[in-house]
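This note's numbering applies: residue 36 is where the sequence shown begins, and numbers increase by one.
Working notes, beginning with the structure itself.
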Amino acid sequence: MFLAWHEMKYEKLRYGLIITVIGLIAFLIFIISSLALGLAHQNTAAIDSWHTKSTLMNKDANGNMGQSVMTESELAAQTQNKQTAVVGITPTNISKTHKSDHDAVQFIGINSDEYIAQNLKLSKGHQPKHQNEVIISDKLSQYKVNDKIRIGLDDTEYTVSGVTPDALYNMAPVVYGNLKNWSPIKGINPTFKASGLISKSSASLQTNDKRLKVYDRQSYLDNLPGYTAQKMTFIFMIVFLILISLIVVTIFLYILTIQKLPNLAVLRAQGIPNRYLVQNTFNETLLIMILAIGFGAVLTAVSAFFMPNSVPVYFDLPLMLGVAGGILGTGLLGSFIPMWVITKLILSQ
């Protein structure tokens, strides 16, 4: 480590440029990872707040709760307890009364005596006291408590009674309302009472009705429209960037090693142990990667400070540490070719 550090101090410009390039790649990986997590969070924030473990819905909905409909008899036949909640979900739009501008939302009908409604946290206002009162996501900043609004296909005038933080479902802000309002808002036959059941119990929901199907949490998420495609796209982008960082590190270290071969030959002739020369290359790579990742992390933190709220980035420390570990691991992997070159030099003498 001593030789590697002093070599880097002596060649500040050369190593500084290498660290900068690798650091910029690390910065790009951090930002894309945060963006991927932010978009995933916009899909699942509401689901996470429900502590969802399993769901039950109509089999024909193919796992999409927004397309599922269940009758009162189907609901009554299911076992329910304090850890389950009936929900009615539909994509729709809202507008202020007598205004033409509309905003896309996900209306989620819930029962006030079930756990989702009881655990709902408000940043403003109060829980609904009447059937025509709703709670909106804080992402709908243009709407205020006591505003009069219209929702979907229903002609009823609704009143905003409260605001809940970070309520998002499938990339859209959530509007929570009475489950009885779900069918008129969706514009379907009132014989359909809900979309399905949500359970936060570790014991999965069960049903004997062949028209219904149970999904675990991951299957439920994977069937959200666009969620899987979006997730896989970002995973491939991150993997390819990490592979690019591996190639860049390998090329830089190989060139540096080739340039140092005469010096390494002199050190070898002076009796410096073989292991020391190989270990020095590994230590040099480790220092470069640590400094580059640190530089990338600082750039990410500074960028996050200046990013507007409209950019859906979400920074998660365990994820960032995992990504940093992946970059470091691939960088160290890239040191094996230069180490092989040094070993080849040693064997030729």
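In this text, a Cβ means the ideal position worked out from N, Cα and C, and glycines have one as well.
None of these values were measured; they are calculated from a predicted model.
Distance between beta carbons of residue j and residue i, contact taken as under 8 Å
i, j, result
"Asp251", "Ser239", "7 Å"
"Ala120", "Ile151", "4 Å"
"Ser89", "Ser234", "5 Å"
"Leu354", "Ser68", "6 Å"
"Tyr65", "Val358", "In the sequence as presented, Tyr is not what sits at residue 65; that position holds Phe. Sure, about 6 Å apart at Cβ, within 8 Å."
"Thr125", "Leu256", "Not a contact, Cβ separation roughly 19 Å."
"Thr127", "Gly212", "11 Å between Cβ atoms; not a contact."
"Thr132", "Glu192", "6 Å"
Separation of residue j from residue i, as counted between CA atoms
i, j, result
"Ile129", "Gly222", "14 Å"
"Tyr289", "Ile270", "29 Å"
"Phe162", "Met272", "According to the sequence shown, residue 162 is Gln rather than Phe. Going by the C-alpha atoms only, they are around 43 Å apart."
"Leu276", "Thr106", "49 Å"
"Gly360", "Phe340", "24 Å"
"Gln241", "Thr114", "8 Å"
"Lys44", "Leu72", "38 Å"
"Ile282", "Ile57", "11 Å"
"Phe350", "Leu334", "13 Å"
"Leu48", "Ser345", "38 Å"
"Lys183", "Asp148", "25 Å"
"Val140", "Leu110", "25 Å"
"Val301", "Met324", "27 Å"
"Glu168", "Ser108", "27 Å"
"Gln153", "Ser172", "16 Å"
"Asn116", "Lys134", "42 Å"
"Ser338", "Leu70", "12 Å"
"Leu322", "Met342", "30 Å"
"Ala332", "Thr316", "24 Å"
"Asp138", "Phe371", "55 Å"
"Gly306", "Leu352", "46 Å"
"Ser218", "Lys228", "7 Å"
"Lys266", "Asp136", "31 Å"
"Ala304", "Leu296", "12 Å"
Proximity to residue i [Cα-Cα], best of the options
i, options, result
"Leu12", "Leu203, Leu232, Met206 and Ala202", "The question about residue 12 has no answer here: the residues shown for the chain are numbered 36 through 384."
"Val278", "Arg310, Lys47, Leu367 and Asn309", "Sequence inspection shows Leu at residue 278; the Val mentioned does not correspond to that position. Minimum Cα distance to Leu278 is reached at Leu367."
"Thr194", "Trp217, Ser176, Gln166 and Asp173", "Gln166"
"Ile286", "Lys379, Asn315 and Thr320", "Thr320"
"Val376", "Leu291, Leu334 and His86", "Leu291"
"Ile82", "Pro308, Thr127, Val274 and Ala207", "Ala207"
"Met92", "Ser254, Leu157 and Ile186", "Ser254"
"Lys245", "Phe62, His86, Lys164 and Lys94", "Lys94"
"Val210", "Gln153, Thr263 and Arg185", "Arg185"
"Leu247", "Asn99, Phe330, Asn298 and Thr79", "Asn99"
"Leu59", "Val140, Gly101 and Phe330", "Phe330"
"Ile328", "Leu302, Asn205 and Ile362", "Ile362"
"Asn318", "Gln305, Val274 and Gly369", "Gly369"
"Ser84", "Asp201, Ile372 and Gln118", "Asp201"
"Gln294", "Asp136, Pro373, Leu70 and Thr378", "Pro373"
"Thr87", "Leu299, Val249 and Asp138", "Val249"
"Ala96", "Leu157, Ile307 and Asn258", "Asn258"
Contact check, residue i vs residue j, beta carbons under 9 Å
i, j, result
"Thr199", "Ile170", "yes"
"Val313", "Thr365", "no"
"Phe347", "Leu74", "For the sequence presented, residue 347 should be read as Pro rather than Phe. Their beta carbons are under 9 Å apart, which means Pro347 touches Leu74 by this criterion."
"Gly123", "Ser230", "yes"
"Ala112", "Asn243", "yes"
"Gln77", "Leu203", "yes"
"Asp189", "Asn216", "yes"
"Lys159", "Val180", "yes"
"Thr378", "Asn298", "no"
For the 8 Å Cβ check, are there 3 or more pairs between the segment 47-54 and the segment 169-185?
Because the criterion of three Cβ pairs below 8 Å is not met, the segment 47-54 and the segment 169-185 do not touch.
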